[in-house]
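J.:
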Amino acid sequence: MLTIIAWRNLWRNRTRSLIITTSVALGMWAGTFIMAIYFGMGEARLRIAIDNEVSHIQVHHPGFADDKEAKYNMPMDSLARVFQKIPAIRAFSLRSVTTGMLATTSGSQGIQVNGVDPAAEQATRGMQNFVQDGDYLDPAQRNRVLVSTKLAKKLKLEIGNKIVLTLLDTANNITAGAFRICGLYHTNNAPLDELNVFVRKTDLDRLIGTDGRAHEAAILLHRDDDLDPVFQQLKQALPQLQIERWQEISPETALVLSSLDTYSLVFIFIILLALSFGIINTMLMAVLERTREIGMLMAVGMNKLRVFGMVVLETIMLAVIGAPAGLLAAWLTTLWLGHTGINLGAIMGESLRDFGYAPVIYPVLPWHNVVQTMQLVLLTAVVAAIFPALKALRLKPVEAIRT
Amino acid sequence: MQTVIDAHNISKVYNPDTIPVHAVNSVHLHLNRGEFTALVGPSGSGKTTLLNIIGGLDAPTEGQVVINGINISELKPNQLINFRLHNIGFVFQAFNLIPVLTASENVEFIMLLQKRPKAERTRRVHELLASVGLSDKLNVRPSQLSGGQQQRVAVARALASRPQFILADEPTANLDSHSAATLLDIMEKMNREEAITFLFSTHDQRVIDRARRVITLVDGRIENDSAATQIRH
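In order, the protein sequences belong to chains A and B.
Sequence positions in the first sequence follow my numbering and run 1 to 403.
Sequence positions in the second sequence follow my numbering and run 404 to 636.
(1) Does the ligand HEM have even one heavy atom less than 6 angstroms from the beta-carbon of Gly492 of chain B?
(2) How is the alpha helix (DSSP H) around Glu591 of chain B delimited, first residue to last?
(3) Shortest alpha-carbon distance to Tyr362 of chain A belongs to which of A:Leu184, A:Gly345, A:Gly209?
(4) With a threshold of 7 angstroms between beta carbons, is Arg8 of chain A in contact with chain B?
(5) Under 8 angstroms by Cβ, that's how I've got Glu194 of chain A and Leu157 of chain A pegged, so tell me the actual separation to the nearest angstrom.
(6) Shorter than 7 angstroms from the beta carbon of Ile484 of chain B to some beta carbon of chain A?
(7) Should Ile316 of chain A be labelled buried (16 or more other beta-carbon atoms within 10 Å of its own) or exposed?
(8) Would you mind stating whether Val311 of chain A and Ala389 of chain A have Cβ atoms separated by less than 7 angstroms?
(9) Of all the alpha helix (DSSP H) runs that stay within the bounds of the stretch 243-283 of chain A, which reach a length of 4 or more residues?
(10) Just the chain B side, please: which residues come within less than 7 angstroms of Asn13 of chain A by C-beta, in chain order?
(11) Is the Cβ-Cβ distance between Gly404 of chain A and Leu260 of chain A less than 7 angstroms?
(12) Count the other C-beta atoms from every protein chain shown that fall within 10 angstroms of the C-beta of Asn552 of chain B, then say buried if there are 16 or more, exposed otherwise.
(13) Is it true that the CB of Gly301 of chain A sits closer than 7 angstroms to the CB of Leu504 of chain B?
(14) Distance check for Thr187 of chain A and Pro239 of chain A, CA to CA, integer angstroms please.
(15) Where Tyr185 of chain A and His60 of chain A are concerned, what is the direct C-alpha to C-alpha distance, given to the nearest angstrom?
(16) What are the residues in the stretch 504-528 of chain B lying within 9 angstroms of chain A by C-beta distance?
(17) Mapping the DSSP letters down to three states, classify Arg180 of chain A as helix, strand or coil.
(18) Roughly how many angstroms separate the alpha carbons of Lys85 of chain A and Ile159 of chain A, rounded to a whole number?
(19) Opposite Gly134 of chain A in the DSSP bridges: which residues?
(20) If you draw a straight line from the alpha carbon of Leu378 of chain A to that of Glu523 of chain B, how long is it in whole angstroms?
(21) Starting from the beta carbon of Arg406 of chain A, find every residue of chain B whose beta carbon is closer than 8 angstroms, and list them in chain order.
(22) Mind checking the stretch 300-323 of chain A against chain B and listing, in chain order, the residues whose C-beta falls within less than 9 angstroms of any C-beta there?
(23) Decide yes or no for the touch test of the stretch 417-430 of chain B against the stretch 596-603 of chain B: beta carbon pairs closer than 8 angstroms, at least 3 of them.
(24) Which value, in whole angstroms, describes the spacing of the CA atoms of Val410 of chain A and Leu257 of chain A?
(25) If we count the other Cβ atoms within 10 Å of its Cβ and call it buried at 16 or more, is Phe277 of chain A buried or exposed?
(26) Could you say which of B:Ser580, B:Lys518, B:Ile569, B:Pro574 lies nearest to Gln554 of chain B if we only look at CA atoms?
(27) Considering Val468 of chain B, what are the terminal residues of the beta strand (DSSP E) in which it resides?
(28) Cutting at 8 angstroms between CB atoms, please list the residues of its own chain near Arg398 of chain A, excluding the five before and the five after it.
(29) Drop a sphere of 10 angstroms on the beta-carbon of Arg245 of chain A, count the other beta-carbons inside from all chains shown, and report buried for 16 or more, exposed for fewer.
(30) Along the stretch 529-563 of chain B, what residues have a CB closer than 9 angstroms to any CB found in chain A?
(31) Would DSSP call Ser546 of chain B helix, strand or coil?
(32) According to DSSP, is Trp331 of chain A helix, strand or coil?
(33) In angstroms with no decimal places, state the Cα-to-Cα distance between Pro566 of chain B and Ala384 of chain A.
(34) Buried or exposed: which applies to Tyr72 of chain A, given that a residue is buried once 16 or more other Cβ atoms fall within 10 Å of its Cβ?
(35) Which stretch, first to last residue, makes up the alpha helix (DSSP H) that contains Met101 of chain A?
(36) What is the DSSP secondary structure of Val427 of chain B, counted as helix, strand or coil?
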């Protein structure tokens, strides 16, 4: 009966209840949808990090992480044999990686030179898909280089231009090679674009003396869930090498993802905090309007716990009716925009790329966050009910009846 | 005769530290089971205050109220609420029904607070509303009932808890003469047939005429008690 009373009381002032319920619904829709955008950005960042940048796992010589010298390399044959035995591995790319100086007639810049097998690089990070202008590396053509559009713009480079890469070989001798720009690429990570150029592995190996050796092995898995088992397998198979998962290679991505839950919680909390004042106000008015009625209930024998429960129940209903409607609206919006995407390219595409995000965002709404939000709504309702409920409890029946 | 209410030396002073107002002054009141008593007196004579004190809604400044051998002045707040729930029925001048509940739900509500079984509640709701002539208004909300009908629901509600006695504060004050007469008929019938004790505070001559005992309060003191007068005569 308390539930019936609470429910019917809610609709005594229909307009007021509808206003607060609508506020809760709108607040929940806005909060949850923005949360879905954050999660979408996080998910996209993860996919970019794994599929286009660092892959799931990377293997290096232990000395390479501290000092990217050519001498810290690994034998390609034995690595390939190990990787080929693990079915969970979809593709791998064995790279020669070194730092050096890119020089042109118009300037120079410190860069990282990635010597790659074009096919393997396409398989692990879809490098060919990022070529905006010109051609991808041709396995049959010597001394071709892919530079980013950003670097090309900065150094005023064009397709067909020659550049000189000055590097250190395995014996720390300076060596240099002339390369012709075959294409311009453009990934979703502007800072990395500016620092990386790509050449054939065989061309780089010839310059720095790492034929048959690799500085970096990037491994792409069939499924994200295979990450830890494969990591353990590799650690056992290659104990002398440094095996790292994407979280260790790209800690900023891991940080973004791990902080998403916290961000969304804080965000929803702020919205609920604002809504709670509306709820408190509504319930206070409801209690004050019913002073005589509550006094009568206490006079005829309704104990304080029940009076408290009635007000709390009413408040919870007030908050909880609007929340599912808002969450449903957010889910539908996410479903729609998760399919079409939100293209921010025209407004802030470059800024997003500067932080490694794609300009098109596909919102994602994880169920655990929806459940968490509902729990927070309930908690807010209970907390918001305390003040009006205490107000009701402080009423003295004899005085309340006289009002 | 079984004593239901024994109010001993009751005084109530409002604003004792500023301008004291003596609402009730050393009142002794003794009510037996089955009495049909009217507490009368001019406005401000202390009728409602005395009724509230007897009903455990207000605490006396001095004195004690013993109901069925229990000194209610010694009960803790929650015990007092529970005591009221099981022992006292209230009828208020302004009816004070729960507007969002139907007539039957208003009556049932008290029994629900007493945790009575569903079957008993349903049976008693029907009995009580039939006894006050509202069998056809079970599912009607108070706003759709006349004042007289609302007060009859309030009487049914007061009886629902099977109380020791019913305190009615100006029960006919807001009713027309026909409704007042009907209500008094019902209460008289219940008093006669089920020996339910009634104590009214009232100005209403129609109630006073029906009461078998009339206690007159003036300035917070009992000026006349017809029972005592009868004994003296």
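All residues carry an ideal CB built from backbone N, CA and C; glycine is no exception.
Everything numeric in this text was worked out from a predicted model, so none of it was measured.
T.: So, from the data block:
(1) No copy of the ligand HEM occurs in the structure displayed, which carries no ligand at all.
(2) 580-597
(3) A:Gly345
(4) yes
(5) Contact flag wrong, Cβ pair sits at about 12 angstroms.
(6) yes
(7) buried
(8) yes
(9) 246-249
(10) Here the premise fails: no neighbours, minimum Cβ distance about 12 angstroms.
(11) Lying before the first or after the last residue shown, residue 404 of chain A is absent from chain A, which here runs from 1 to 403.
(12) Here the sequence assigns Gln to residue 552 of chain B, which means Asn is not the residue at that position. Flag for Gln552 of chain B reads buried.
(13) no
(14) 33 angstroms
(15) 26 angstroms
(16) Leu504, Glu508, Glu511, Phe512, Ile513, Leu515, Leu516, Gln517
(17) strand
(18) 40 angstroms
(19) A:Gly183
(20) 35 angstroms
(21) For chain A, the structure presents residues 1 to 403; residue 406 of chain A sits outside this window and is missing.
(22) Val300, Gly301, Met302, Asn303, Lys304, Leu305, Arg306
(23) no
(24) No information on residue 410 of chain A is available, as it lies outside the stretch 1 to 403 that chain A covers here.
(25) exposed
(26) B:Pro574
(27) 465-470
(28) Here residue 398 of chain A is Val; the residue named in the question, Arg, does not match the sequence. Excluding positions up to five away in sequence, the list reads Gly295, Ala299.
(29) buried
(30) Arg560, Ala561
(31) helix
(32) helix
(33) 37 angstroms
(34) buried
(35) Taken as a continuous stretch (DSSP letters only), Met101 of chain A belongs to no alpha helix (DSSP H), being part of the beta strand (DSSP E) at 89-103.
(36) strand
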